[in-house]
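A short write-up of the structure that comes next.
Number of protein chains: 2
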Amino acid sequence: MHDKQRPVRVGIVGLGTVGGGAFNLLKANADEIARRTGRPILVSHIGSRRDHPGCDTQGVKVSRDVFAVVHDPEIDVLVEVMGGTTIAREVVTQALESGKHVVTANKALLAEHGNEIFALAEARGRFVAFEAAVAGGVPIIKVLREGLAANRIHAVAGIINGTGNFILTEMRDKARDFIDVLKEAQELGYAEADPTFDVEGIDAAHKLTILAALAFGIPLQFSKVYTEGISALTTLDVAYATELGYRIKHLGLTRRTGDGIEMRVHPTLIPCDRLLSHVDGVKNAVLVLADPVGSTLYYGSGAGAGPTASAVVADLVDVVRAMQDHSPDARARVPHLAFQPDALNDTPILPMIQVETAFYLRLMVEDRPGVLAEVTGILSRQGINIEAIIQKPAHDAGIIPVIILTRPVLEQHMNDAISAMASIPVLREPVVRIRVESLDA
Amino acid sequence: MHDKQRPVRVGIVGLGTVGGGAFNLLKANADEIARRTGRPILVSHIGSRRDHPGCDTQGVKVSRDVFAVVHDPEIDVLVEVMGGTTIAREVVTQALESGKHVVTANKALLAEHGNEIFALAEARGRFVAFEAAVAGGVPIIKVLREGLAANRIHAVAGIINGTGNFILTEMRDKARDFIDVLKEAQELGYAEADPTFDVEGIDAAHKLTILAALAFGIPLQFSKVYTEGISALTTLDVAYATELGYRIKHLGLTRRTGDGIEMRVHPTLIPCDRLLSHVDGVKNAVLVLADPVGSTLYYGSGAGAGPTASAVVADLVDVVRAMQDHSPDARARVPHLAFQPDALNDTPILPMIQVETAFYLRLMVEDRPGVLAEVTGILSRQGINIEAIIQKPAHDAGIIPVIILTRPVLEQHMNDAISAMASIPVLREPVVRIRVESLDA
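In order, the protein sequence lines correspond to chains A and B. The numbering of the first sequence is our numbering, which starts it at 1 and goes up by one. The numbering of the second sequence is our numbering, which starts it at 1001 and goes up by one.
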């Protein structure tokens, strides 16, 4: 029992919201965690340029130089929660090279440099755990890598950015403008001073890159994600979507078709009888369509100190449990990207013009005879079928909104149709288009 | 690489819906599964008294005597999907004694005999995997044992019987009677010829027993689950609940309080702004309230060949991955009941009279002056606070329904109040009471 009793020694690099949360959680739930692991987990060295006002680090070695932690020979596992992709990359690389396991919450680092990092980890017989990188406290990484391991996965669709979902929920419930809600989100601490990563979909694209690799057994390919933000959405379209029985969500979606794999982040109309459409506020949820399990959904808090720390420490528990297998190097039991490294494939990522979705269109036109005929004629010539069409009463003097829901159509054909619509003389604003997903199995 | 390439040999005992589903899934997704495990999984021996019309067992040894599979020395892992608790118990026990790992979907067996079975497995250095035992294809066992391992869990609440949820959904959506919908469920194959296990909550109680053990680190204690079925529910109460902004679900709930642990299965009013209230038809969902992750929810198909096979084969993948750790006996990396066997505790299970919930009450009374005063007086004397009260127009000639929502109250006090109400002279039917859960964190 001696070996079992020796604490696992952990170094934490970065003592911000997530690092502080993990440090405090390991203390607060130490008894409950030790009942599960049979072995204490001890934070023995912290690397941080700043102190965390909410962390009592007495008795713990603290270094301002994060690399002092990376090279501390006492440490078994390094927790990288500093963020960024430059120093963090060095930290993770050097930790692996010095024989440490790594736990990280850094989706940007993994989405952009994960292939090299995982290859290094495999070469060194160490593992990089990253449950906290997607959907915070919701254990979606474990679900995809292990829980659904018997399935052929068809699609993964997620609300994976809480900031964006908070903004969209407020826009819908209170008919508030994007800018107005964004300001509140910043005041509440939900959004960064520079909100680009969240509202333009970059953060969601990082996470989607990871989900797609895990679902389909492909390398991480962040640069191929189609990304469209929510900053151009208007309360008008949010209200029309509601009226039509939909909710607008900022969805990250990856799907396998006969031609390749779609990876895309964009505002999306979802029918309101889908569970995903009821995921509101800062919550996250991920829907997985797979054979033979069908649709399963995973819901919870995607950000914040507590939920993210829950995932970081779950990874630590996983590492500790793996180290009890008595194997010399506790090699990763589960491949980093769910599939064996030599079994990843090069299925092409589809460019957006080859993606098929239904569309919501809004045209603001002058109230003249023949306008509807002209619009529907253009759609018809592109082979686009109409699911529903609504002409609303005049909005501003003489300007009427025409709302169209189409059947699924290739993005290329919709691009062509919208180009053609630009020449309609009575069109008073650029056509608004938002993709629609039914999320059927 | 020689050892890695040798197939893992699996025996399946029971070739019904689940066994046939697992057999076919291992064939259908063999490539995708091998990409994940790096090692083929081969069904080499089936024990079944009957053939399965949908399974092509050519090339596989089939025995009518299930114990021929149990004692087949070629087999690494035994899949027990025959059901029942008598022969299945012998099968699992003898398989472990002969050095095999076991995968089972048998919630009744585990709920009633799991403590002995897990102790035997631990003594023999083998493991018993049981993801399919609760919520079918939803990997809730893995979530509780691993994904949320950093948390102190407060409560787990689940819709964990698809048959019951289908019946309640139809009763609500179509105002149909219980008996009427039950017949249809039997015709559709959702309900057994003897529906007792499903509609009286016994199946849910088996599953809740397992969830409670995993959540709190207590032994399996099936006999202590309070269980109340849905067969007495009326369309009238289903409709009133909807009118009040609630849905009635057959909920399994286990919660840790300062005094002990609640384990109960009963019809429950859930506010309709909770995601769980939107889980309809044969679907399952489990809500976990834990610190620091908050509320997380897991949703999907809880029964049927495909979803259950998904869980059985995920367990096989887990076993195969553990066997690649090169350890001599692939000892369970994760304790069977989430907590180390020597860390289980004897927190008392609370008798129902010590449980506090809010209540929905329906009284059918003669329309006489002073009735409301009498009813509210009884509640008041028991210290029961009223959240809402609705007196409906006369139902039958001169009989009025009085609907009361109470604040949370001890079951014992509600029992006393209802006893006292029996003496109200104008009460024309026994008081209907249904518990209410807000499912807040």
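Built from N, CA and C at the ideal position, the CB exists for glycine as well. Just so you know, these numbers come straight off a predicted model, no measurement behind them.
Query                                                                                                                                     : Result
Any chain B beta carbon closer than 8 Å to residue 161/A                                                                                  : no
Helix, strand or coil at residue 341/A according to DSSP, with G and I counted as helix                                                   : helix
Contact check, residue 1230/B vs residue 1220/B, beta carbons under 8 Å                                                                   : no
Rounded distance between the beta-carbons of residue 1163/B and residue 1191/B, thought under 8 Å                                         : 5 Å
Beta-carbon spacing of residue 12/A, residue 22/A below 8 Å                                                                               : yes
6 Å Cβ shell around residue 378/A - same chain, five flanking residues per side excluded                                                  : 417, 420 and 421
Cβ pair residue 1393/B, residue 1260/B closer than 8 Å                                                                                    : no
Pair within 8 Å by beta-carbon distance, residue 402/A and residue 302/A                                                                  : no
C-beta contact flag for residue 384/A and residue 352/A at 8 Å                                                                            : no
CA-to-CA distance, residue 200/A to residue 176/A, given in whole angstroms                                                               : 19 Å
Whether residue 1142/B touches residue 1207/B by CB criterion (8 Å)                                                                       : no
Test: residue 1006/B CB closer than 8 Å to a CB of chain A                                                                                : no
Selection from 432/A, 291/A, 212/A and 85/A that minimises the alpha carbon distance to residue 344/A                                     : 212/A
Beta-carbon neighbours of residue 1249/B, restricted to chain A and to distances below 7 Å                                                : Under the 7 Å cutoff, chain A gives no residues; its nearest Cβ is about 14 Å from residue 1249/B.
Proximity winner among 152/A, 262/A, 258/A and 250/A, relative to residue 269/A (alpha-carbon distances)                                  : 250/A
Cβ-based contacts, 8 Å cut-off: residues of the stretch 46-68 of chain A near chain B                                                     : none
Rounded straight-line distance, which links the Cα of residue 1173/B to that of residue 1056/B                                            : 41 Å
Beta-bridge pairing of residue 157/A - partner residues as DSSP gives them                                                                : 253/A and 287/A
Cutoff 8 Å: residue 340/A Cβ touching any chain B Cβ                                                                                      : yes
Proximity to residue 1361/B [Cα-Cα], best of 1432/B, 1376/B and 1336/B                                                                    : 1432/B
Exposure of residue 1179/B, with buried meaning 16 or more beta-carbon neighbours within 10 Å                                             : exposed
Chain-ordered chain B contacts of residue 254/A [CB-CB under 7 Å]                                                                         : The premise fails here: residue 254/A is roughly 16 Å from chain B at the closest Cβ pair, so nothing lies under 7 Å.
Short CB-CB distance (under 8 Å) between residue 1151/B and chain A                                                                       : yes
CA-to-CA distance, residue 1400/B to residue 1376/B, given in whole angstroms                                                             : 16 Å
Contacts around residue 1244/B, its chain only, beta-carbon distance under 8 Å, and the 5 residues preceding and following it disregarded : 1269, 1360, 1388, 1390, 1403 and 1405
Exposed unless 16 or more other CB atoms sit within 10 angstroms - verdict on residue 430/A                                               : exposed
CA nearest to the CA of residue 341/A, picked from 300/A, 117/A and 258/A                                                                 : 117/A
Residue 391/A (DSSP reduced to helix, strand or coil)                                                                                     : strand
Outcome for residue 1328/B when other beta-carbon atoms lying within 10 angstroms are tallied against a minimum of 16                     : Because residue 1328/B sits at a pLDDT of 41, beneath the cut-off of 50, its placement in the model cannot be relied upon, and the point is left open.
Span of the alpha helix (DSSP H), counted from its first residue to its last, around residue 1206/B                                       : 1202-1216
Residues near residue 321/A in its chain [Cβ-Cβ closer than 8 Å; skip 5 each side]                                                        : 37
Residue from 408/A, 335/A, 196/A and 125/A with nearest C-alpha to residue 358/A                                                          : 408/A
Completely contained alpha helix (DSSP H) runs for the stretch 228-272 of chain A, where each covers 4 or more residues                   : 235-243
Under 7 Å from the C-beta of residue 318/A: neighbouring residues of chain B                                                              : 1146
Cα-Cα separation, residue 281/A to residue 373/A                                                                                          : 40 Å
6 Å Cβ shell around residue 1326/B - same chain, five flanking residues per side excluded                                                 : Legend: pLDDT at residue 1326/B = 45, less than 50; position of this residue unreliable, no value from coordinates given.
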